[in-house]
Structures are given as C-alpha cells and as structure tokens.
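Heads up, the thing below is written out as structure tokens.
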Amino acid sequence: MNSDKAWQQFQQSKSKSEKKKKQNVHQSSVLHPWHGIEPGEDPPNECNAVIEIPKGSKVKYELDKETGLLRADRVLYSSVVYPTNYGFIPQTLGEDHDPIDVLVLMQSEVYPLTILRIRPIGLVPMIDCDENDDKIIAVHLDDPEYKDYHDVKELPQHRLVEIRKFFKDYKVLENKTVKVDEPKGPEEAKEVITKAIQEYQKVFSNDI
C-alpha cells in the first residue's frame, strides 16, 4: 500500500471516529424524560411532572419508552378534550408497567415535555380494561391560583365532576370499559407515588 492511500484511509478512519465521539457526547447529554429526571425534590410531597398532553388537546400523546420522544398514540374518538395538563411522574413505575399518570391543575396549557413542580392533592381510582390505572391529581406549585391547594376536597366540586366525566367518556366510542371511582385524598396519592418510586428502583436499579 502506497503512503498516499494509507494516509487517506487513516484520515477517513479518524473522521469516522470523531463523528462517533460527537454522536456519543450528544446522546449522553440528552436526558430521557422517564429515567433521566428525578421524581422531585421532596417526593411524594413535592414532585416533578413531565407533561405529555397539554390541556385542551384532543390528541393523546404518549411517551415512547425506548427513545424518550413523544408518540401521537391516537386522536380521541369521543367529542372530548383533556381537561388538564396530563403527564407522568418520572422514575416511577405503576401496576400497568408505565410511569404513574398525573393531572396537573393550573391556569394555562403548557408545551409537551415541559417539567412542572407539583404537589399531589389526591387521586382518581380507575380501572382501565381490567387494569388498575389510577390518576394522581396535583397542582402546579408555581401557579399563584393553584399553589395553595393541599387536598382535592378544597377544589370546586364541578372540577372533580369534570375530570371524572372525561375519563368515563373518553373511550366510550372505542368500545372500551373504564371504571372511575370517587376521588381520594392526598395521603392515598402519596402512598401510590411512594410505592411507584420503590417499584421503579427495584426494577431499574441496575440501570441507574
């Protein structure tokens, strides 16, 4: 092999190596919304929430677990929209093998993948297609209108009726059964969050 050809191959190999290094640096600098963000500063009392679906959306966005991107799961069949910003608490694992769901009460809709500081104030017990699928109800700690709520009992009754009605109706035209029970208080919500954090740590401890 002549020196010019050897030098050319060396330069090509070097270029590929540098490109791979840049890709690795880029990939390592991007946090996975489920695994790369802490559950909060003081969970279960104060948590982080990652929003998937903005308030008022008819599209159900869902975290793609492998990539950390959002997938448009479906457009809701029924004539309803999400009544609150909707997402999950990171580094939790529910009985449905997903991060636990959370509805965040606040004045405005926010962009998907926004991180919010929240306070859990209750939960809506649900069974979706024969699986437990409880929804945490929380308030945004940086919203002056909602930050002082500590219990779902303090909310206007119509707010809770609206949330329950949404989950009762949103899969009706898909011929799927959803059972929605009466909302429970903050202690029950915190128990669910604590259990979900422990379950996440047990399952993913070798990956953390």
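According to the numbering used here, the sequence shown holds residues 4 to 211 in order. Ideal placement from N, C-alpha and C gives every residue a C-beta, glycine not left out. On a predicted model such as this, the values are computed, not experimentally measured, just so you know.
Beta-ladder partner(s) of residue i, from DSSP
| i | result |
| --- | --- |
| Phe91 | Val53, Asp104 |
| Ala141 | Val107, Pro123 |
| Ala75 | Tyr64 |
| Glu134 | Asp131 |
| Lys187 | Leu126 |
| Val181 | Asp131 |
| Ile118 | Val53 |
| Asp45 | Glu49 |
Own chain residues within Cβ distance below 6 angstroms of residue i, not counting five before or after
| i | result |
| --- | --- |
| Leu108 | Thr87, Val142, Tyr149 |
| Val127 | Lys138, Pro186 |
| Lys25 | Note that Lys25 scores a pLDDT of 48, beneath 50, so its modelled location is shaky; the value from the coordinates is reported in the next line. Within the same chain, Lys25 has no close Cβ partners at all. |
CB of residue i within 8 angstroms of CB of residue j, strictly
| i | j | result |
| --- | --- | --- |
| Pro57 | Gly125 | no |
| Gly97 | Glu55 | no |
| Val62 | Met129 | no |
| Ser60 | Asp172 | no |
| Cys50 | Pro115 | no |
| Glu44 | Asp99 | no |
Cβ-based neighbour list, residue i, same chain, cut-off 8 angstroms, excluding 5 preceding and 5 following
| i | result |
| --- | --- |
| Thr95 | Pro42, Pro102, Ile103, Ile196, Ala199, Ile200, Glu202, Tyr203 |
| Asp145 | Leu119, Arg120 |
| Trp37 | Val53, Leu66, Lys68, Gly71, Phe91, Pro93, Gln94, Pro102 |
| Glu157 | Ile124 |
| Ser31 | Interpretation of Ser31 is limited by its pLDDT of 49, a score under 50 that renders its predicted location unreliable; no figure is taken from the coordinates. |
| Glu112 | Pro57, Lys58, Gly59, Ser60, Asn88 |
| Phe170 | Val127, Met129, Lys138, Val181, Val183 |
Proximity to residue i [Cα-Cα], best of the options
| i | options | result |
| --- | --- | --- |
| Pro147 | Ile121, Lys138, Phe169 | Ile121 |
| Gly39 | Glu65, Glu49, Ile118 | Ile118 |
| Val83 | Lys174, Ala75, Glu191 | Lys174 |
| Cys132 | Leu144, Phe169, Thr180 | Thr180 |
| Val155 | His35, Pro46, Glu190 | Glu190 |
| Tyr85 | Arg74, Leu106, Asp76 | Leu106 |
| Asp136 | Val164, Leu163, Tyr64, Ala192 | Ala192 |
| Arg77 | Ser208, Leu176, Asn48 | Leu176 |
| Tyr152 | Gly188, Arg167, Phe170 | Gly188 |
| Glu194 | Val33, His35, Asn48 | Asn48 |
| Arg162 | Leu73, Gln110, Arg74, Val33 | Gln110 |
Sequence-distant residues of the same chain with beta carbon closer than 7 angstroms to residue i, five excluded per side
| i | result |
| --- | --- |
| Pro46 | Ile196, Ile200 |
| Val206 | Leu96 |
| His35 | Gly71 |
| Leu1 | This structure leaves residue 1 out entirely; the chain is present only between 4 and 211. |
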